[in-house]
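**Q** Once you've had a glance at the structure underneath, I'll fire off some questions.
Numbering (my numbering), first residue to last: 571 to 884.
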């Protein structure tokens, strides 16, 4: 695979933001055979694996009639604007959180005894909703809270988790329990974080990494806690076995120190409408310009999952 071009400022990005469609006549030799434009069956997917800056991507290629469509990679500002517009005009925040949790739930095989470490924001809300799904699936889990504060959506799913019998404990004083967990969901900080880690968040990241060193499977929600969502810079961040990006990939998942902390990266589409230009685009490894492909780097493709539009379904 060719080395990704350098973006402005010398930081590498997978593909330059030139055009969302690439025209040409050559078809990728690894692409699946088309089902034909009149086929009414399910789309034909071929799984491919590639690496961008050392990060393993799980890529699905769906055959379409025209062009190659590439997955957009957004800045934090554009992602925030897209999220706000979608909530204001199309999909309630609780529903988006439910969809995000379902994507995270389906991205891994969660064992009994999973620890979910949550912060006070909506990233923590994804973790609280994930706990609800695990409880409903009969998988014992425990929520460890870094703070008594919670965003409204976070508080909603914390209350539901409590009614489902999920233990909700303060993180302070229970670090040893976390370090012994077989799996850990990192839901501490989201893409809005920048700067060095401090206080309880730093301690949580250190103990999550200790759990990983002890053999726990570590999954980060949206982005690894401690990574800058735009630059990928970090003095300390969660080392994940899997990072489940929510909505769209963010530039910080591919830049700076990201490859030191992310072993595998997938994306789940939760129905957010993009508002603003993409910083870059990601195409499948080895893709040739040609008709009939849509590139969706995604371990959990939302439109292939059962609907979860009612947050009370969680």
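For every residue, glycine included, the Cβ atom is placed at its ideal position computed from N, Cα and C.
Threshold first: 3 residues or longer. Then list the beta strand (DSSP E) segments lying entirely within the segment 791–867, N to C.
**A** Qualifying beta strand (DSSP E) stretches, in chain order: 812–816, 834–838, 850–852, 863–867.
**Q** Starting from the Cα of residue 756, find the closest Cα among 662, 777, 641 and give me that residue.
**A** Locating residue 756 in the chain shown gives position 186, counting from the first residue. Residue 777 is the option with its Cα nearest to residue 756.
**Q** Taking only three categories from DSSP, how would you classify residue 739?
**A** Residue mapping note: residue 739 aligns to position 169 of the chain shown, counting from 1. DSSP places residue 739 in strand when its eight states are reduced to three.
**Q** According to DSSP, is residue 884 helix, strand or coil?
**A** For the purposes of this step, residue 884 is identified with residue 314 of the chain shown, where counting begins at 1. It is coil, neither helix nor strand.
**Q** Would you report the Cα separation of residue 688 and residue 781, rounded to the nearest angstrom?
**A** Residue numbering aside, residue 688 sits at position 118 when the chain shown is read from its first letter. Residue numbering aside, residue 781 sits at position 211 when the chain shown is read from its first letter. The straight-line gap from Cα to Cα measures roughly 15 Å.
**Q** Rounding to the nearest angstrom, what Cα-Cα distance links residue 727 and residue 674 in this structure?
**A** Numbered from its first residue, the chain shown carries residue 727 at position 157. Numbered from its first residue, the chain shown carries residue 674 at position 104. Answer to the nearest angstrom: the Cα atoms are 15 Å apart.
**Q** So, is residue 746 buried or exposed, given that buried needs 16 or more other C-beta atoms within 10 angstroms?
**A** What you label residue 746 is simply residue 176 of the chain shown in a count that begins at 1. When all chains shown are included, residue 746 counts as exposed.
**Q** Quick check on this structure: which residue in 725, 739, 799 has the alpha carbon closest to the alpha carbon of residue 760?
**A** Position 190 of the chain shown, counted from the first residue, corresponds to residue 760. That would be 799, whose Cα lies nearest to the Cα of residue 760.
**Q** What's the C-alpha gap between residue 690 and residue 711?
**A** For this step, residue 690 is matched to residue 120 along the chain shown. For this step, residue 711 is matched to residue 141 along the chain shown. In a straight line, the C-alpha of residue 690 is about 19 Å away from that of residue 711.
**Q** Does DSSP classify residue 516 as helix, strand or coil?
**A** Residue 516 lies beyond the range of the chain shown here (571 to 884); nothing can be said about it.
**Q** Quick check: is the beta carbon of residue 706 nearer than 9 Å to any beta carbon in chain C?
**A** Included in the structure is just one protein chain, with no chain C present.
**Q** Pull up the distance between the alpha-carbon of residue 666 and that of residue 659, whole angstroms please.
**A** Your numbering for residue 666 matches position 96 in the chain shown. Your numbering for residue 659 matches position 89 in the chain shown. For residue 666 and residue 659, the distance between alpha carbons rounds to 13 Å.
**Q** Taking only three categories from DSSP, how would you classify residue 661?
**A** Residue mapping note: residue 661 aligns to position 91 of the chain shown, counting from 1. If DSSP states are grouped into helix, strand and coil, residue 661 belongs with coil.
**Q** Under the rule that 16 or more other beta-carbon atoms within 10 Å means buried, what is residue 779, buried or exposed?
**A** Looking up residue 779 in the chain shown gives position 209. Its Cβ being crowded by 16 or more others within 10 Å, residue 779 is buried.
**Q** So, is residue 792 buried or exposed, given that buried needs 16 or more other C-beta atoms within 10 angstroms?
**A** By one-based count along the chain shown, residue 792 stands at place 222. Residue 792 comes out buried.
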